[in-house]
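Chemist:
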């Protein structure tokens, strides 16, 4: 039976499965004119990433206007402006550098306004900036964009050095990714976040303090608070997903913070994700084990140095999906993986809903580390498959 003889609703589902999957392939669009016409719009529904506002502007000018309303997810790294004497208009000698930043911020907001259905927005800082005015520029863009995108479902941004007041207008926000630091006090943060009635997902990302080119002087770093304290997280209600990413000694991933998360979100939390580059203290690990073993969490993702298979003994009966590092510093390349797999195999009767284990590629190579016992890993994977747990390891 020809694919094109299927009902249009079924064909659209098939196009979505191909073009909106993680491993999408645009070759489908080259199959024939009819498929191209039916499926091309889906290309613009995929997450769009831009390394600068100029890249965003250029892409926007090239996209057919009829597809702009298909864009749902935008990530923009907001670069600093390169101000030269020629940027000043001789006919307007009163225009200041600050005025130029305001104008550029409005221009970026105008470009983004051409995407009326954006529900996921990530606005990040670069590693380097040229001007001490960049901080205000970033805040201006953020405020202007979120003001006109009030229906945002998800927002990710570098919050340190800025306050959280603008979040009050995002009544539909369900997912918030920020650094946990800001110029809002914990009391103000609790008040702001408690107003977001649909907020279900909070993720703490790495802070970003851009370096400055050459020897340009910058303003002193403004006061910032650890805004998402354990008192704040305990007051929130209805969180389903919580993520922590930290580098260096953990500030948020502590025993006290986990106890507060457990106390406030025990009945609602479904997913927890942890990514650290330092091994947490034993007391913190015990708090996590207690939290997992007495919860109804369905999705767990954990990565830190010296993580071993013993933590698998604390997984709750409710777990359905597990993400762990393929190997860990301080352990032989396959010892971690084998330890986890063997523990899972032994506990299968206690984990009736677990059907998927995926590996976090810590090295980013997409391959097994040198010295890994490939045969032993494959045997353990096959054993898990026989009890209904699917796993995947890089080749």
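In my numbering, the protein residues as written are 4 to 398.
Even for Gly, the Cβ is constructed at its ideal location relative to N, Cα and C.
Fair warning: this is a prediction, and the values are worked out from it, not measured in the lab.
(1) Using alpha carbons as the reference points, say which of 301, 197, 325 and 343 lies closest to residue 310.
(2) Do you know offhand how far residue 296's Cα is from residue 245's?
(3) For the beta strand (DSSP E) containing residue 178, list its first residue and its last residue.
(4) Whole-angstrom Cβ separation of residue 348 and residue 390, contact assumed at under 8 Å?
(5) What three-state label does DSSP hand residue 257 in the structure shown?
(6) Count the other CB atoms within 10 Å of the CB of residue 62; is the residue buried (16 or more) or exposed (fewer)?
(7) Which of the three DSSP states, helix, strand or coil, is assigned to residue 83?
(8) By the 10 Å Cβ neighbour count, where 16 or more other Cβ atoms means buried, how is residue 241 classified, buried or exposed?
(9) Establish whether the CB of residue 241 and some CB of chain B are separated by less than 8 Å.
(10) Mind checking residue 249: buried by the 16 CB within 10 Å criterion, or exposed?
(11) Taking the alpha-carbon positions, what's the residue 8 to residue 68 distance?
(12) Of all the beta strand (DSSP E) runs that stay within the bounds of the region 243–316, which reach a length of 3 or more residues?
(13) State buried or exposed for residue 315, treating a residue as buried only when at least 16 other CB atoms are found within 10 Å of its CB.
(14) DSSP puts residue 405 in a beta bridge; with which residues?
(15) Indicate whether residue 118 and residue 71 have their beta-carbon atoms separated by less than 8 Å.
(16) What's the C-alpha gap between residue 266 and residue 188?
(17) Please state the DSSP three-state secondary structure of residue 127.
(18) Tell me the DSSP secondary structure of residue 207 in three-state form.
(19) Touching or not, the region 251–264 and the region 281–293, by the rule of three or more beta carbon pairs under 8 Å?
(20) Suppose you measure from the CA of residue 1 to the CA of residue 128; what does that come to, to the nearest Å?
(21) So, does the region 19–30 touch the region 48–60, judging by three or more C-beta pairs under 8 Å?
(22) When DSSP labels each residue in this structure, what does residue 52 get in the three-state scheme?
(23) Just grab the DSSP bridge partners of residue 393 for me.
(24) DSSP on residue 228, reduced to helix/strand/coil?
(25) Measure from the alpha carbon of residue 351 to the alpha carbon of each residue in 392, 109 and 36, then state which is nearest.
(26) Below 8 Å on the Cβ atoms is my guess for residue 208 versus residue 159; work out the distance and round it to an integer in Å.
(27) Looking at the secondary structure, which residues open and close the beta strand (DSSP E) in which residue 158 lies?
(28) Applying the 10 Å Cβ sphere with the 16-neighbour rule, what's the burial state of residue 268?
(29) Let me know if residue 253 comes out buried or exposed under the rule of 16 or more other beta-carbons within 10 Å of its beta-carbon.
(30) For residue 299, collect the residues of the same chain with a Cβ closer than 7 Å to its Cβ; drop the 5 residues on either side in sequence, then sort them by chain order.
(31) Quick one: grab the DSSP three-state call for residue 406.
(32) Using the Cα positions of residue 303 and residue 326, report the straight-line distance between them to the nearest angstrom.
(33) Which residues bound the alpha helix (DSSP H) around residue 37?
(34) For residue 387 and residue 312, I'd like the C-alpha separation in whole angstroms.
(35) Using a Cβ distance threshold of 8 Å, determine whether the region 196–211 contacts the region 168–185, with at least three qualifying pairs required.
(36) With a CB to CB cut of under 8 Å and the five nearest residues on each side skipped, what residues in its chain are close to residue 147?
Modeler: Straight from the coordinates:
(1) Translated into positions along the chain shown, residue 310 becomes position 307. Taking only the C-alpha atoms, the option nearest residue 310 is 343.
(2) The residue given as residue 296 occupies position 293 in the chain shown. The residue given as residue 245 occupies position 242 in the chain shown. Annotation: residue 296 to residue 245 spans about 17 Å, alpha carbon to alpha carbon.
(3) Locating residue 178 in the chain shown gives position 175, counting from the first residue. Taken as a continuous stretch (DSSP letters only), the beta strand (DSSP E) holding residue 178 covers 178–181.
(4) For the purposes of this step, residue 348 is taken as the residue at position 345 of the chain shown. For the purposes of this step, residue 390 is taken as the residue at position 387 of the chain shown. About 7 Å separates the two Cβ atoms, so the contact holds.
(5) Counting from one through the chain shown, the residue named residue 257 turns up at place 254. Three-state DSSP puts residue 257 in coil, outside helix and strand.
(6) Position 59 of the chain shown holds residue 62. Classification of residue 62: exposed, given that the 10 Å Cβ count is below 16.
(7) On the chain shown, residue 83 is found 80 positions in, with the first residue counted as 1. In the structure shown, residue 83 sits in coil (DSSP, three-state: anything other than H, G, I, E or B).
(8) Here residue 241 is taken as the residue at index 238 of the chain shown, counted from 1. Per the 10 Å Cβ criterion, exposed.
(9) Looking for chain B here will not work: only one protein chain is present.
(10) On the chain shown, position 246 is the one that residue 249 refers to. Label assigned to residue 249: buried.
(11) Against the chain shown, residue 8 aligns to sequence position 5. Against the chain shown, residue 68 aligns to sequence position 65. The alpha-carbon atoms of residue 8 and residue 68 are separated by roughly 30 Å.
(12) Complete beta strand (DSSP E) runs here, min 3: 244–249, 274–279 and 302–306.
(13) Position 312 of the chain shown, counting from 1, holds the residue named residue 315. Counting Cβ neighbours within 10 Å, residue 315 comes out buried, since at least 16 surround it.
(14) Beyond the ends of the chain as shown, which are 4 and 398, falls residue 405; an answer cannot be given.
(15) To locate residue 118, count along the chain shown from 1; it is residue 115. To locate residue 71, count along the chain shown from 1; it is residue 68. Result yes, Cβ atoms of residue 118 and residue 71 sit closer than 8 Å.
(16) As a working mapping, residue 266 is identified with position 263 in the chain shown. As a working mapping, residue 188 is identified with position 185 in the chain shown. Between the C-alpha atoms of residue 266 and residue 188 there is a straight-line separation of about 22 Å.
(17) Counted from its first residue, the chain shown places residue 127 at position 124. Residue state, collapsed to three classes: strand.
(18) Locating residue 207 in the chain shown gives position 204, where the first residue counts as 1. Correct three-state label for residue 207: strand.
(19) The region 251–264, when compared against the region 281–293, does touch it at the 8 Å Cβ threshold.
(20) Here the chain comprises residues numbered 4 to 398, so residue 1 is not present and cannot be evaluated.
(21) Inter-segment contact for the region 19–30 and the region 48–60 is present: three or more beta-carbon pairs are separated by less than 8 Å.
(22) Stepping through the chain shown from its first residue, residue 52 is reached at position 49. Correct three-state label for residue 52: strand.
(23) By 1-based counting over the chain shown, the position of residue 393 is 390. Partner residues in the beta bridge of residue 393, as assigned by DSSP, are 359.
(24) Mapped onto the chain shown, residue 228 falls at position 225. Note: residue 228 maps to strand in three-state DSSP.
(25) On the chain shown, position 348 is the one that residue 351 refers to. Among 392, 109 and 36, the Cα nearest to that of residue 351 belongs to 392.
(26) The residue given as residue 208 occupies position 205 in the chain shown. The residue given as residue 159 occupies position 156 in the chain shown. In this structure residue 208 is in contact with residue 159, their Cβ atoms being roughly 7 Å apart against a cut-off of 8 Å.
(27) Residue 158 sits at position 155 when you count from the first residue of the chain shown. Annotation for residue 158: the continuous beta strand (DSSP E) segment containing it runs 157–160.
(28) Start at 1 with the first residue of the chain shown, and residue 268 comes out as number 265. With 16 or more other Cβ atoms within 10 Å, it is buried.
(29) Numbered from 1 along the chain shown, position 250 holds the residue referred to as residue 253. Buried is the call here.
(30) Counting from one through the chain shown, the residue named residue 299 turns up at place 296. The answer, listed in chain order, is 319 and 321.
(31) What is shown of the chain runs 4 to 398, which leaves residue 406 out entirely.
(32) Along the chain shown, one-based indexing puts residue 303 at 300. Along the chain shown, one-based indexing puts residue 326 at 323. Roughly 6 Å separates the two Cα atoms.
(33) Sequence index remark: in the chain shown, residue 37 carries index 34 (1-based). Residue 37 -> alpha helix (DSSP H) spans 36–46.
(34) Counted from its first residue, the chain shown places residue 387 at position 384. Counted from its first residue, the chain shown places residue 312 at position 309. So the two alpha carbons sit approximately 15 Å from each other.
(35) As far as the Cβ criterion goes, the region 196–211 touches the region 168–185, which means the pair count is three or higher.
(36) Counted from its first residue, the chain shown places residue 147 at position 144. Counting only Cβ-Cβ distances below 8 Å, and skipping sequence neighbours, we find 108, 109, 111 and 112.
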